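**Q** Note that the protein sequences, when read in sequence, are chains A and B.
Numbering of the first sequence is given in my numbering, commencing with residue 105 and proceeding in unit increments.
Numbering of the second sequence is given in my numbering, commencing with residue 12 and proceeding in unit increments.
For each residue, glycine too, the CB sits at the ideal point set by N, CA and C.
Quantities reported herein were computed from a predicted structural model and do not represent experimental measurements.
A single structure is presented below for examination.
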Amino acid sequence: MDTVAHDILLIGGGGAGLRAAIAVAEANPQLKVAVVSKVYPMRSHTVSAEGGAAAVVKPEDSLEAHAYDTISGGDWLVDQDAVEAFVREAPEELLRLERWGCPWSRQPDGRIAVRPFGGMKIQRTWFAADKTGFHMLHALFQTTLKYPPIVRHDEWFVTRLLVDEGRCTGAVAVELATGKIFAILAKAVILCTGGGGKVFPFTTNANIKTGDGMALAYRAGVPLKDMEFIQYHPTGLPFTGILITEATRAEGGWLLNKDGYRYLQDYDLGEPQPEPVLRSMELGPRDRLSQAFVKEVAKGRTIETEYGHVVHLDIRHLGEKIISTKLPFVRELCLKYQKLDPVEEMIPVRPVIHYMMGGVHTDIRGETPLPGLYAAGEVACVSINGANRLGSNSLTELLVFGARAGAAAAEYAASQADPPASTLNQALDEEQRLQNRFLEKTGGVERISTLRTEMQEAMEDGAGIYRDEAGLSAAAEKIQELQARFQDVALDDHSLTFNTELIACLELANMLDVAESLIHSALARKESRGAHQRTDYPERDDDGYLSHSQAYWTENGSPRIEYLPVTITQWPPGERVYG
Amino acid sequence: MPETITLEVQRYRPEDEAEPVFERFDVPFRADWMVLDALNYIKDNLDGTLSYRWACRMGVCGSCGMMVNGQPLLTCATYLERLLPGPIRVEPLKGFPVIRDLVGDITDFLEKLSRVKPWIVREEEKPLAEGEYLQTPEQLADYEQYSMCINCMLCYAACPIYELEPDFIGPAAIAIAQRYNLDSRDEGVQERLDVLSQHDGIWACTFVGECSVVCPKNVDPAGAIQRYKVAATADWFKSVLTPWANR
Ligand SMILES: Cc1cc2nc3c(=O)[nH]c(=O)nc-3n(C[C@H](O)[C@H](O)[C@H](O)COP(=O)(O)OP(=O)(O)OC[C@H]3O[C@@H](n4cnc5c(N)ncnc54)[C@H](O)[C@@H]3O)c2cc1C
Ligand code: SF4
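Below is the structure:
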């Protein structure tokens, strides 16, 4: 077996991973840092983020206001100390990106421009037209090239974390091009593997978003926190699920039902005004907008299409100039992928799975309960997003907590000895498992795509926008059945050269773990809060559930669920008021 | 509308065959399917061993470029409908060593990208506490087009020089260098010029402009190369005729 050794191993080369890598290189240039990524870093899904990144800049804004919007947006399932750190460090992180070349959109006098965003009371969303994630990722990636201590292993797929003597000491990965299996030894490991929207059938997420890091941590005994909270974005293109960014509504777009009526006014989201009003109507939070859509469907006021019910997003009144300068990518996406020009036609949209609020449990330094293991970005749950993330907080989160995890891991690694020799035994076990279970395995009857489709359908049926005991239990049973059938999976491909079927198979295993933790966390939370709506428990229950769920992997196919209290500093739980 | 359409896909499995071969697959024809959807149909239903890259399916990750009927295209943004009646030929991007099936090796590009120093170069950095560098929308517009490159490699596949002269740094890397040169925050123009003028490639470019034609993001690498040549020539004259100017 081949072995490589570094001081710090970053798993993931998206926004969080690259920011963390730079943080390590700047904190301690003596440390050898490796970024391992299953795709070339600039292909990571951060590249698709459109709308923007939040941080306070305006004189009339305040850190408290950003914190309050985030906490109320998250329906109080938010650790307020983490949010305080987040809003405090956000502006300097976005400025740092300005130093690294991110082409932030500007005001006429050359200062940074900001735009409104859903759930935010004051304009504080920085943007690079409507390709913010693309520009952030390329600026970060290109900037990492100037740091010699950062090495990369591109197109390596991590299959397991190594844990020895109670600490994380590396990982095992397959190099796609050659099929070689590597033991990667490290004094500290940072997981930055992103989310797992592909657990559902209809999503804005790329094909690579399969929750790998969550499954890796879960299998290593680290708890997954608040997994029941999944965000539906209210405006995805039917069929493709391509996201039409919230920035369309921030610039003044309207959501209309089949009668051309701005239906959000019927759902406690305020009165329609011609101009966009912050925290109101189309600029309400995503959970509430997606729930309103389901109710419109029930009232028969949506439009039926080949790809399910849709409503219309109308931006025609903004005019070609605004659309082409502020929303050029939206126009390009509609023209290329929906065969329509939003300057002239309304855009059909429906809610689409977008973001995982939950993830690997970390503290505000990015540390997980397993010494030596850190996590940041969408894979992690530091608890700033709670029960519903506000748009544009995630890109900022990648930077703030990527930097924090990098700094904390650098400090930890500097005081650690090399991983013990016994770590290699575990790596050898993993190599054996990969060979026996997949590469050399013959027979098997279950097709990967069949299992994946059945899983995705079960998740949509059982764990969609509205949930109940019966639906969730059925989904739990189905996932358990699929876990069993997965043991009999059939692989056509036994090649060592760029075996994408092997990767798809390992990703499916990860998604089944993520699905399992999600469903069981949702079953256990007998209340409705933010994005988790139980028709059988329609009220929020602060006495019973103002706490974070923690799902621990067990041998018997259903996780053990425990709870952790929410940290409250200065904002006692209140009602979420919009409009 | 036909019910099915045929794809002729180039296969290359280095463990099994010495030379690439073509394999035919019939897939359902659907008006809203892209070439990539057809490949996914093959992988999910007909042959799990077919290898290719893809990720975002919204034209921004840059993974899924292939030769489609001889043209370099993003397969996620190319409707089957455009290619009726078929058959559709799908091959890996030209100009890159093939690892397997439709997967090319782009490590050469990544190495060249680092060479042009694609980051902001500055003698001194203003402390963060002093806020942003001012940059007006007009200054941003100077380099914005060159900042749109998704590294999809279609321009390399279209470039007649890259094919013959693998040392050529290539269209996208030059466009990205230019993206930084034209950025009002950057001071690295001279360093990048030194890198670029060392290589014959930039002079070999005959301004065919194929790169700009195939670019899915309107980056216009050909324009960037042209501006570079002008700048480099001026620089050469300056150094020969007025050597003291560079001191
Ligand atoms: C369409 C879209 C638009 C969005 N718009 C916005 C927005 O406007 N504002 C905002 O704040 N947020 C937005 N978001 C959310 C935000 O973009 C994501 O949450 C964020 O980019 C995730 O970044 P990340 O670094 O955590 O992960 P990613 O960028 O997903 O990177 C994950 C990395 O991990 C690697 N990896 C994963 N598994 C493995 C493995 N097994 N082995 C090796 N490597 C692995 C991948 O290769 C990749 O490099 C949007 C999301 C989507 C889908
Ligand atoms: S310049 Fe255009 S064609 Fe070339 S890599 Fe960049 S986006 Fe692709």
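#1: Verify whether the separation of the beta carbon atoms of glycine 481 of chain A and leucine 502 of chain A is less than 7 Å.
#2: Mind checking if proline 227 of chain B is an interface residue toward chain A, Cβ cutoff 7 Å exclusive?
#3: Could you give the distance in angstroms between the alpha-carbon of glycine 73 of chain B and the alpha-carbon of leucine 431 of chain A?
#4: Quick one: is the Cβ of glycine 510 of chain A within less than 6 Å of any heavy atom of ligand 1?
#5: Does the beta carbon of methionine 331 of chain A come closer than 7 Å to any beta carbon on chain B?
#6: Less than 6 Å separating the Cβ of histidine 257 of chain A from some heavy atom of ligand 1?
#7: Does the Cβ of asparagine 192 of chain B lie closer than 6 Å to at least one heavy atom of ligand 2?
#8: Please find out if some non-hydrogen atom of ligand 1 comes closer than 6 Å to the beta-carbon of phenylalanine 542 of chain A.
#9: Which whole-angstrom value is the C-beta distance of alanine 158 of chain A and isoleucine 468 of chain A, which I expect to be below 8 Å?
#10: Taking the continuous beta strand (DSSP E) assigned at methionine 78 of chain B, which residues delimit it?
#11: Given alanine 243 of chain A, which residues of its chain have a CB within under 7 Å of its CB, disregarding the five upstream and five downstream residues?
#12: Quick check on this structure: which residue in A/His624, A/Pro133, A/Ala290, A/Gly121 has the alpha carbon closest to the alpha carbon of glutamate 573 of chain A?
#13: Going along chain B in order, which residues have a C-beta closer than 9 Å to the C-beta of glycine 205 of chain A?
#14: Could you spell out the range, first to last residue, of the beta strand (DSSP E) harbouring valine 219 of chain B?
#15: Could you give the C-beta distance for alanine 243 of chain B and leucine 204 of chain B, rounded to a whole number, given that I count them as a contact under 8 Å?
#16: Methionine 460 of chain A lies in the alpha helix (DSSP H); which residues open and close that run?
#17: Does any CB atom of chain A fall closer than 7 Å to the CB of methionine 164 of chain B?
#18: Might you give, ordered along the chain, the residues of its own chain that have their beta carbon closer than 8 Å to the beta carbon of valine 326 of chain A, omitting 5 neighbours on each side?
#19: Check whether the Cβ of cysteine 226 of chain B sits closer than 6 Å to any heavy atom of ligand 2, and report yes or no.
#20: Ligand 2 and valine 241 of chain B: does any heavy atom of the ligand fall closer than 6 Å to the residue's C-beta?
#21: Mind checking the stretch 230-243 of chain A against chain B and listing, in chain order, the residues whose C-beta falls within less than 9 Å of any C-beta there?
#22: Beta-carbon within less than 6 Å of glutamine 442 of chain A's beta-carbon, same chain only, minus the 5 sequence neighbours each way: which residues are those?
#23: Within the chosen definition, does the stretch 138-147 of chain A reach the stretch 163-170 of chain A through at least 3 CB pairs nearer than 8 Å?
#24: Let me know the secondary structure DSSP gives proline 138 of chain B once reduced to three states.
#25: What's the gap between the Cα of cysteine 67 of chain B and the Cα of alanine 310 of chain A?
#26: Just to confirm my understanding: we take proline 254 of chain B, look at its own chain, exclude 5 residues before and 5 after, and list those with CB closer than 6 Å. What are they?
#27: Report the CB separation of phenylalanine 245 of chain A from proline 380 of chain A in whole angstroms; it is logged as a contact under 8 Å.
#28: Pick helix, strand or coil for cysteine 206 of chain A, following the three-state DSSP scheme.
#29: What is the rounded straight-line gap between the Cα of alanine 287 of chain A and the Cα of glycine 274 of chain A?
#30: What are the boundary residues of the alpha helix (DSSP H) that includes alanine 567 of chain A?
#31: What is the DSSP secondary structure of proline 254 of chain B, reduced to helix, strand or coil?
#32: Alpha carbon to alpha carbon, how far is lysine 250 of chain A from lysine 63 of chain B? Give it in angstroms, no decimals.
#33: I'd like to know if the stretch 346-360 of chain A and the stretch 372-392 of chain A are in contact, where contact means that at least 3 CB-CB pairs between them fall below 8 Å.
#34: How is the alpha helix (DSSP H) around isoleucine 175 of chain A delimited, first residue to last?
#35: Applying the 10 Å Cβ sphere with the 16-neighbour rule, what's the burial state of alanine 256 of chain B?
#36: Rank A/Glu666, A/Met615, A/His636, A/Leu610 by C-alpha distance to the C-alpha of leucine 280 of chain A and give the top, closest one.
**A** So, from the data block:
#1: yes
#2: no
#3: 20 Å
#4: no
#5: no
#6: no
#7: no
#8: no
#9: No, alanine 158 of chain A and isoleucine 468 of chain A are not in contact; Cβ-Cβ is about 18 Å, not under 8 Å.
#10: 76-79
#11: Leu201, Trp204, Gly205, Cys206
#12: A/His624
#13: Pro129, Trp130, Ile131, Ser158, Arg190, Tyr191, Asp194, Arg196, Asp197
#14: Looking at the DSSP string, valine 219 of chain B is not in any beta strand (DSSP E), and its letter there is neither H nor E.
#15: 6 Å
#16: No alpha helix (DSSP H) holds methionine 460 of chain A; the beta strand (DSSP E) holding it covers 451-460.
#17: no
#18: Val464, His465, Thr472, Pro473, Leu474, Leu477
#19: yes
#20: no
#21: Ala232, Ala233, Lys235, Gly237, Phe238, His239, His242, Ala243
#22: Leu341
#23: no
#24: coil
#25: 4 Å
#26: The predicted model places proline 254 of chain B with a pLDDT of 46, which falls under 50 and marks its position as unreliable, so this point remains unresolved.
#27: In fact, because the Cβ distance is near 34 Å, the residues do not count as touching under 8 Å.
#28: coil
#29: 7 Å
#30: No alpha helix (DSSP H) contains alanine 567 of chain A, which DSSP labels as neither H nor E.
#31: Confidence is the limiting factor: at proline 254 of chain B the pLDDT is only 46, short of 50, which leaves the residue's position unreliable, though a coordinate-based value still follows. In the structure shown, proline 254 of chain B sits in a helix (DSSP, three-state: H, G or I).
#32: The question names lysine, but residue 63 of chain B is tyrosine in the sequence shown. The alpha-carbon atoms of tyrosine 63 of chain B and lysine 250 of chain A are separated by roughly 30 Å.
#33: yes
#34: 167-177
#35: Unreliable positioning characterises alanine 256 of chain B in this predicted model, as indicated by a pLDDT of 44, which lies under 50. A coordinate reading is not provided.
#36: A/Leu610
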